[in-house]
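Asks: Below is a structure I'd like to ask you about.
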Amino acid sequence: MRIRTKGQGQELAMLLPALFFIIALIVTPFLLSVWFSFTDQRLVPRPIPTKFIGTTNYERMFVDPLFWQAIWNTVVFALIVTPVQLAMSLGAAMVLNSAIPFRGFFRSIAILPLLLPMTVIVSIWAVLFRIPAGPFNAVYQWFAGQGNYVDFLGNPSTAMLSVVALSAWATFPYQMLIYLAGLQDIPQDLYEAAKLDGAKPWQRFRYITWPGLRNVNIFLLIITTVGALKLFTQVDILTKGGPNGATTTIIHYLFKQGYATQKVGYASAVAVFFFLAVTAIALLQRRFLKNEGEA
Amino acid sequence: MMRLNRDAMLPLLFALVLALGVLLPLMMMVTISLNPNEQDIMVSMGSLRSFIPQVFSLQNYIEVWTDPVHPFARYLANTALITFSTLILSIFFNSMAAFVLAQGTLPIRKPVMILILATLAVPGESLVLPQLMMAGWLGQVDSYQVQIVPGVANAMSIFLFYQFFSRLPKELIEAARIDGFSFFQIYRHVAMPLSKPVISAIAVLQFLEIWNAYLWPVMVTRGPEYRPLSVAMSAYFGTNQAAWGNIMAFAVSMAIPVILFFLILQRQFIASVMSSGVKG
């Protein structure tokens, strides 16, 4: 490359540090994980040198039932938490966008979960889920009678749903704030005109609010889905992926294989797979965006 | 007395339900943290007594702050140091690079931009193992820098700054150039002072990301020395399973600095998150 002026030397000096960080800390590890995925690399070096083993890691991965279970759990989580959380956030945003008294106060309250570190939220919800007499079970006993309880986290059929509830509560304010911004971008006179025409609240939502939020919806759909596919912290602290693998997610599987059992080569194959899956989903959603005629 | 029109009644009811849904778990956290009697906590759990404080004792807090195995003050200092160092370095380097990409004349701008857009797609979670290996090769595991430096490499931050800088009026940059400003001076004295909204938006988003970081710090910290609060909290949670009073006191102690920080900056915070997605 040719540097033409003194000014360009300065430009280069300003660009290089960030470029160095990107190459050293994102591009290099990415290439390394592709390489590791074809080797029997361990976390801690062994006396026997690491060797190239072709696609063995991938072959092993695709026949490991726990891997498929992790994928299934992750997909189930994403498919449930995304609509639940978006509905919650949109509902909350519409309530907090209407002309209610103390609106600022309610907004401050509603964003609190977003400010709490996930580890704090998990410990609060661990109390809520307590057996036999945590708050949720106290409510359950009203209906089911004394002595009955649900082992929310210990029962494979309820463990993932419990994580869904916790996760939706923990992060909905983020989507809520973006919905609020979207709602405020819809011209108010559309609503006035619809009211004059006698449109019912449901019709106003269906024909003004919902189409007006189209771009916001697509954006939130993408980031909420991708975020859900990365589920790790909640299950690592709360259930350690259990019971019986019922809450093992892809990232938790990757962490266990690569860090706890130190099989970096194998876990790298999982990482490459995860990267390809997330990219494919993002590309599909981007194509969807384009087809919708997004500018 | 406030007069309510009928249209506002239903939303107000929903707002109250929403507020209760958020506040009840938090009230429970505070109530349990103020109760020094573990047995009473277990007995009252699930009843209304676990949501409204009956006793106001700081004993759990004193136990948490003076615990020799889990030095709370140290964790807090670690977290604050890691968070603010990352934020400052990230904003400085990434805005500088973004300014070159948006307003510079270097011929490599285009390939660099393509590289940055491509790295946006890489989920950080898929990089942690090779990053850990690299940290091991460099002998940097269990340190502050290993928790700071990876957060500085942030393609999203470069991209957001780039979007903002590329919309600055060309005349403004040209005028500064004619006044004899060097490229760096234009960045420092013209572009940055205009970028306060975008800086605060990026800072807020990255703040939450780092303050909440869990997977990476779990892997690179070995003991209390460099451990951040998030990892400490989960370790504390794991080793004191029965001591709910202390766990909740730990949780409150960890939550309060962030909540205070954001209550002070609330206006900017809400504006930042609201502008983070759709516009741009």
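Line order of the protein sequences matches chains W and E.
For the first sequence, position 158 matches number 158 in the working numbering, and the numbering has no gaps at all.
For the second sequence, position 8 matches number 8 in the working numbering, and the numbering has no gaps at all.
Yeah, the Cβ is synthetic: ideal placement off N, Cα and C, and Gly gets one too.
#1: Between TRP210 of chain W and chain E, is the shortest Cβ-Cβ distance under 9 Å, so that the two count as touching?
#2: So which residues on chain E does MET118 of chain W lean against when the C-beta distance must stay under 8 Å?
#3: Is it buried or exposed for GLN203 of chain W, if we count other Cβ within 10 angstroms and need 16 for buried?
#4: Below 8 Å on the Cβ atoms is my guess for LEU86 of chain W versus THR224 of chain W; work out the distance and round it to an integer in Å.
#5: If contact means a Cβ-Cβ distance below 9 Å, which residues of the segment 27-39 of chain E contact chain W?
#6: What residues in the segment 50-72 of chain E bring their beta carbon closer than 9 Å to a beta carbon of chain W?
#7: Please confirm if PRO123 of chain E has its CB atom under 9 Å from at least one CB of chain W.
#8: Excluding five sequence neighbours on each side, which residues of the same chain lie with their C-beta closer than 7 Å to the C-beta of LEU180 of chain W?
#9: How would you call GLU294 of chain W, buried or exposed, if buried means at least 16 neighbouring beta carbons within 10 angstroms?
#10: For SER167 of chain W, which option in W:GLY54, W:ILE124 and W:GLY134 has the closest C-alpha, if you only look at C-alpha atoms?
#11: Inspect the beta-carbon positions of TYR149 of chain W and ILE131 of chain W and report whether they are closer than 9 Å.
#12: Buried or exposed for ALA251 of chain E, please, with buried defined as at least 16 other CB atoms from any protein chain shown within 10 angstroms of its CB.
#13: Can you name the residues of chain E whose CB is closer than 9 Å to the CB of PHE152 of chain W?
#14: Alpha carbon to alpha carbon, what distance is there between ALA203 of chain E and ILE210 of chain E?
#15: Against chain W, with Cβ distances strictly below 9 Å, would PHE184 of chain E count as a contact?
#16: Thinking just about the alpha-carbon of each residue, which of E:GLN185, E:PHE237, E:ALA271 and E:THR221 is nearest to the one in ASN78 of chain E?
#17: State the start and end residues of the unbroken alpha helix (DSSP H) segment that holds GLN184 of chain W.
#18: What does a CB cutoff of less than 6 Å around ILE281 of chain W pick up in its chain, not counting 5 residues either side in sequence?
#19: Check this for me: beta carbons of ALA228 of chain W and ALA70 of chain W, under 9 Å apart or not?
#20: By the three-class DSSP mapping on this structure, what secondary structure does PHE38 of chain W have?
#21: Which value, in whole angstroms, describes the spacing of the CA atoms of PHE255 of chain W and VAL34 of chain W?
#22: So if I threshold CB-CB distances at 8 Å, which residues from the segment 239-250 of chain W count as touching chain E?
#23: Rounded to the nearest angstrom, how far is the Cβ of LEU220 of chain W from that of GLN175 of chain W, given a contact under 8 Å?
#24: When you compare the CB positions of LEU194 of chain E and SER272 of chain E, do they come within less than 9 Å of one another, or not?
#25: Run through chain E and tell me which residues come within less than 7 Å of LYS230 of chain W, C-beta to C-beta.
#26: Please confirm whether PRO71 of chain E and PRO224 of chain E have their CB atoms less than 9 Å apart.
#27: Taking all protein chains shown into account, do 16 or more other C-beta atoms lie within 10 angstroms of the C-beta of LEU208 of chain E, making it buried, or fewer, making it exposed?
#28: Locate the alpha helix (DSSP H) running through GLN206 of chain E, then write down its first and last residues.
#29: Mind listing, in chain order, the continuous alpha helix (DSSP H) runs of no fewer than 4 residues lying wholly within the segment 48-135 of chain E?
#30: On the three-state DSSP scale, how would you describe PHE232 of chain W?
#31: Output, in chain order, the set of chain E residues within a Cβ distance shorter than 7 Å of THR74 of chain W.
#32: List the endpoints of the continuous alpha helix (DSSP H) containing ASN162 of chain E.
#33: Using beta-carbon positions only, say whether LEU115 of chain W and ILE247 of chain E come within less than 9 Å of one another.
#34: Measuring only the C-alpha atoms, how far is TYR187 of chain E from GLN10 of chain W?
#35: If we ignore side chains and look at the alpha-carbon of each, how far apart do ALA269 of chain W and GLY147 of chain W end up?
#36: Within the chosen definition, does the segment 23-34 of chain W reach the segment 48-58 of chain W through at least 3 CB pairs nearer than 8 Å?
Replies: Reading it off the structure:
#1: The beta carbon of TRP210 of chain W sits no closer than 9 Å to any beta carbon of chain E.
#2: Going along chain E in sequence order, the residues near MET118 of chain W (Cβ under 8 Å) are ASN212, TYR214 and SER230.
#3: GLN203 of chain W should be labelled exposed.
#4: The Cβ separation is near 6 Å, so the contact holds.
#5: For the segment 27-39 of chain E, the set of residues with a beta-carbon nearer than 9 Å to any beta-carbon of chain W comprises MET28, MET29 and ILE32, in chain order.
#6: Hits within the stretch, in order: SER50 and PHE51.
#7: PRO123 of chain E counts as touching chain W.
#8: Closer than 7 Å at Cβ, skipping near neighbours: ALA93, LEU96 and ASN97.
#9: Here the model assigns GLU294 of chain W a pLDDT of 43, short of 50, so the residue's position is not dependable and the matter cannot be decided.
#10: That would be W:ILE124, whose Cα lies nearest to the Cα of SER167 of chain W.
#11: Cβ distance < 9 Å, so TYR149 of chain W and ILE131 of chain W count as in contact.
#12: Within a 10 Å sphere around the beta-carbon of ALA251 of chain E sit 16 or more other beta-carbons, which makes this residue buried.
#13: Near PHE152 of chain W there are no residues of chain E at all, since even the closest Cβ is about 13 Å away, more than 9 Å.
#14: About 10 Å.
#15: It does: the Cβ of PHE184 of chain E has a partner Cβ on chain W nearer than 9 Å.
#16: For the residues E:GLN185, E:PHE237, E:ALA271 and E:THR221, the minimum Cα distance to ASN78 of chain E belongs to E:THR221.
#17: Element bounds for GLN184 of chain W: 156-185.
#18: Excluding residues within five positions, none has a Cβ falling inside 6 Å.
#19: Cβ atoms of ALA228 of chain W and ALA70 of chain W: not closer than 9 Å.
#20: Of the three classes helix, strand and coil, the one that applies to PHE38 of chain W here is coil, per DSSP.
#21: Taking the straight line joining both Cα atoms gives about 17 Å.
#22: Result list empty, no residue passes.
#23: Contact between LEU220 of chain W and GLN175 of chain W holds, since their C-beta atoms are separated by about 5 Å, short of 8 Å.
#24: For LEU194 of chain E and SER272 of chain E, no; Cβs fall outside 9 Å.
#25: For LYS230 of chain W, the chain E residues whose Cβ falls inside 7 Å of its Cβ are PRO123 and GLU125, in order along the chain.
#26: The criterion of a C-beta distance shorter than 9 Å is satisfied by PRO71 of chain E and PRO224 of chain E.
#27: By the 16-neighbour rule on beta-carbons within 10 angstroms, LEU208 of chain E is buried.
#28: 196-212 is the span of the alpha helix (DSSP H), which, as asked, contains GLN206 of chain E.
#29: Runs of the alpha helix (DSSP H) inside the segment 48-135 of chain E: 59-65, 72-103 and 109-120.
#30: In the structure shown, PHE232 of chain W sits in coil (DSSP, three-state: anything other than H, G, I, E or B).
#31: Identification of chain E residues near THR74 of chain W by a Cβ-Cβ cut-off of 7 Å yields none; the smallest Cβ-Cβ distance measures about 12 Å.
#32: Note that residue 162 of chain E corresponds to Tyr in the displayed sequence, not to Asn. Taken as a continuous stretch (DSSP letters only), the alpha helix (DSSP H) holding TYR162 of chain E covers 155-165.
#33: Cβ distance not < 9 Å, so LEU115 of chain W and ILE247 of chain E don't count as in contact.
#34: Each residue's alpha carbon lies about 11 Å from the other.
#35: In this structure, the CA atom of ALA269 of chain W is about 47 Å from the CA atom of GLY147 of chain W.
#36: By the Cβ test, the segment 23-34 of chain W is not in contact with the segment 48-58 of chain W, since fewer than three Cβ pairs between them sit closer than 8 Å.
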